[in-house]
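Undergrad: This is the structure I have questions about; it appears just below.
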Amino acid sequence: MQDLTRRGFLTAAAATAATAAIAGMAGCAPQDAQTKQDAEAASAKTRWSWETKPEPIPAGDIAETIETDVCVVGFGATGAPAALAAAQSGAKCVVLQKESTVVTNGWSAAAFGSRRFLEAGQTYNLGEIYAQFAELSNGRDNPRVVRLFLERSGEVMDYLLDQTPEQEPVLLESGHTFGWYINNDMSTRYDQFKKLLENMAGKAEAAGAQVLYKTPAVQLVQDESGRVTGVIGERSDGSYVQVNAAKGVVMATGDLSDDEEMVECYTPILKGVQNMHGAPCNTGDGFKMALWAGASIDSAPHCIMMHFDPTWMPEGNAPYSGIPWLRVNLKGERFANENLGYQSVVTSVRIQPEQTAFQITDANWAVHASVDDYQHPNSHSRHTTNPQADWDDAIKRGAIVQADTLEELADACGIQKDAFLKTVARYNELVDKGVDEDLGVRGDYLSWNAIKEPPFYALKRMPGVLATVGGLTVNEKLEVLDTAGEPIPGLYAGGDASGSYYGDDYPLFITGGSLGRAFAFGVLAVRSALGKLDEPLDGLGASA
């Protein structure tokens, strides 16, 4: 289908509206039916707004042109490392950044085979890790792209840590994950990660990268052969700047979770779910620009990161969201096996009334929560270093409700009381039997979770969106592919802007996997654009 021009689209829309108005005034049923049929046909051809490719921005509208080697689009956990690596590789680099500063979200990043990993005596088998990853992906990943991360992430992490010695990370229990926080205090993790990215961004600029803040990219530039030769950005005053990139353009634009239309298309389960990150800047801009340039994108539905502990809740979050305590909805019903993988449990809450559930436990909560063998292979770690203090703080904030009786607990939470009491009684009956005849939770897990001794506790849980992690299809060189599976010359992608990686379920057994991929693929995409992908990073930036 030939793309509609903007003027043509508006003309067609006006004509359709006029036809509908005339039919309505005439009160003619056959005409109404025909108009509806025509409108539905037109809608089917351009169901989504981005399917209408905009006209190229005229050369006469370009107020400034900048020549560079690499243009990085976006300045976050992918773009900042990418810009740093580009500048320290001796390349001229321009960054187009939508926001007024570097954007961060998260606190930990995974890497395999780094110096610190090996110094800690950690070992791993990449084949086994990939096999577990592929099972969760349900065969939708590109193994060569996943292996690129598994094989090169440690090297990239070593490079980035060498550039940012001011923020020394903690190696988490998983052995492959680095977390940034102070004095073992998890409450500092997000601020510390933000400082890490700000440090990285500052060093990228100090090394020569030119960052154009508040200048979102709006359109890719291609030559007659289809090669991507640059990007056009729009400054805050409405003027356009064209960045011509001799070596390539790296998409580091993040995900689509803030674009309601793209969410409806690619991640419909997230429709109506609150976003957990701050600035609503992840509107799929990179996807749209690349699609207009002929790129392909992961098939729907995209993999998502939908977690508990959303900070947007008035009462904040509560610890232990991954513990398989009894969960009930507002109707007082038990609704899912509590020991499913973490994201499966979150999804089960997403479809409950008001997207709300409560974990229920009793006076023995600390004993329950301390059980070592208490985790699904694809679940969260406990993420608390001071259990009692965190618990007491959550009670003060209202994230945990405490009551002396189950009846009082139900009333305090707005849970239907009669059904709730029956649910708890049945649950305790299953605990006593040692067999979950209803939903199949492991017997030993049941034995740890009886709800009998007051005081009783309810931990409120609602889902929140961290990110969508499907993206533009890429190969093992992080070149963006067209709809025929061939590379689009000059176009690269990393982080959540890139796809061909995650499948059906996000692999939480690789804690910090999304940010680890962002770090690694940001650096490696730039190196690929510069023709240096296979060259080691050792020594890069040593003289900076």
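For the sequence shown, our numbering begins at 1 and goes up steadily by one. Ideal placement from N, C-alpha and C gives every residue a C-beta, glycine not left out.
1) Leaving aside the five residues before and after Asn527 along the sequence, list all residues of the same chain whose C-beta is less than 6 Å from its C-beta, in chain order.
2) The ligand ATP heavy atoms versus the CB of Asp538: any closer than 7 Å?
3) With Ser137 as the anchor, note down where its alpha helix (DSSP H) starts and where it stops.
4) Is the region 234–245 in contact with the region 62–80, if contact means three or more CB pairs nearer than 8 Å?
5) For Glu99, which of Glu486, Ala293, Glu407 and Gly233 has the nearest alpha-carbon?
6) The beta strand (DSSP E) that contains Arg461, what's its start and end?
7) On the premise that Leu96 lies in contact with Thr229, defined as a C-beta separation below 8 Å, what is that separation, rounded to the nearest angstrom?
8) Looking at the C-beta of Leu291, does it have a partner C-beta in chain B at a distance below 8 Å?
9) Can you tell which of Pro81, Gly341 and Gly490 has the C-alpha that lies nearest to the C-alpha of Glu205?
10) What does Asn449 pair with, by DSSP beta-bridge criteria?
11) Can you check which of these residues, Arg115, Arg235 and Glu151, is closest to Asn125 by C-alpha distance?
12) Taking 8 Å as the cut-off, decide whether the C-beta atoms of Gly414 and Leu326 are in contact.
13) Helix or strand or just coil, what does DSSP make of Phe358?
14) Report back the beta-carbon spacing between Cys303 and Gly503 to the nearest angstrom; my notes put them in contact at under 8 Å.
15) Residues in the same chain with beta-carbon distance under 6 Å from Gln416, minus the five sequence neighbours each way, listed in chain order, please.
16) Touch check for the region 284–301 and the region 104–124: three-plus C-beta pairs under 8 Å?
17) I'd like the span of the alpha helix (DSSP H) that includes Gly516, first residue to last.
18) Which whole-angstrom value is the C-beta distance of Met462 and Met313, which I expect to be below 8 Å?
19) Identify whether Gly546 lies in helix, strand or coil by the three-state DSSP scheme.
20) Can you check the region 288–339 for any beta strand (DSSP E) of at least 3 residues that lies completely inside it and give the ranges in chain order?
21) Over what stretch of residues does the beta strand (DSSP E) that includes Ala245 continue unbroken?
22) Which residue marks the beginning of the beta strand (DSSP E) containing Gly202, and which one marks its end?
23) When you compare the CB positions of Tyr492 and Ala520, do they come within less than 8 Å of one another, or not?
24) What number of angstroms, rounded off, separates the C-alpha of Val102 from the C-alpha of Arg235?
25) For Asp158 and Leu256, I'd like the C-alpha separation in whole angstroms.
26) So, at 6 Å on beta carbons, what are the nonlocal neighbours of Ile400 in its own chain, with the 5 sequence-adjacent residues on each side left out?
27) Who pairs with Asp482 in a beta bridge, going by DSSP?
28) Applying the 10 Å Cβ sphere with the 16-neighbour rule, what's the burial state of Asp505?
29) Output needed for Ala389: all residues of its chain with C-beta closer than 6 Å, excluding positions within five of it in sequence on either side, in chain order.
30) For Thr423, which residues in the same chain have their Cβ closer than 7 Å to its Cβ, ignoring the five residues on either side in sequence?
31) From this set, Ser299, Ala85 and Ala467, which residue's C-alpha is nearest Cys281's C-alpha?
32) Do Ala252 and Gly494 have their C-beta atoms closer together than 8 Å?
33) Just to confirm, is the Cβ distance from Ala293 to Cys265 under 8 Å?
34) Between the alpha carbons of Asn142 and Gly499, how many angstroms are there, rounded?
35) In whole angstroms, what separates the C-alpha of Thr123 from that of Gly179?
36) Measure how close the beta-carbons of Val243 and Leu220 come, nearest whole angstrom, since I'm counting them as under 8 Å.
TA: According to the structure shown:
1) This sequence places Arg at residue 527; Asn is not what is there. Correct list, in chain order: Leu533.
2) Judged by which ligands are present, the structure shown has none, so any question about the ligand ATP falls away.
3) Leu126 to Ser137
4) By the Cβ criterion, the region 234–245 is in contact with the region 62–80, since at least three pairs of Cβ atoms, one from each stretch, lie closer than 8 Å.
5) Gly233
6) Phe456 to Arg461
7) Incorrect: roughly 15 Å between the Cβ atoms, too far for contact.
8) This model lacks chain B altogether; it includes just one protein chain.
9) Pro81
10) Its beta-bridge partners do not exist; DSSP assigns none.
11) Glu151
12) no
13) strand
14) 6 Å
15) Lys331 and Gly332
16) no
17) Gly513 to Ala529
18) 6 Å
19) The question about residue 546 has no answer, for the chain in this structure spans 1 to 544.
20) Entirely contained in the region 288–339, the beta strand (DSSP E) runs reaching 3 residues are, in chain order, 304–307 and 326–329.
21) Tyr240 to Met251
22) Per DSSP, Gly202 belongs to no beta strand (DSSP E); it is in the alpha helix (DSSP H), Arg189 to Ala206.
23) Judged by beta-carbon spacing, Ala520 lies beyond the 8 Å limit of Tyr492, meaning their Cβ atoms are not closer than that value.
24) 17 Å
25) When rounded, the distance between both Cα atoms is 30 Å.
26) Ala318, Ala394, Tyr457 and Leu459
27) Ala295
28) Result: buried.
29) none
30) Val328, Gly332, Glu333 and Arg334
31) Ala467
32) With contacts defined as CB atoms closer than 8 Å, Ala252 and Gly494 qualify as a contacting pair.
33) no
34) 9 Å
35) Their Cα atoms are separated by approximately 19 Å.
36) Their Cβ separation, rounded to whole angstroms, is 10 Å, which puts Val243 and Leu220 out of contact at 8 Å.
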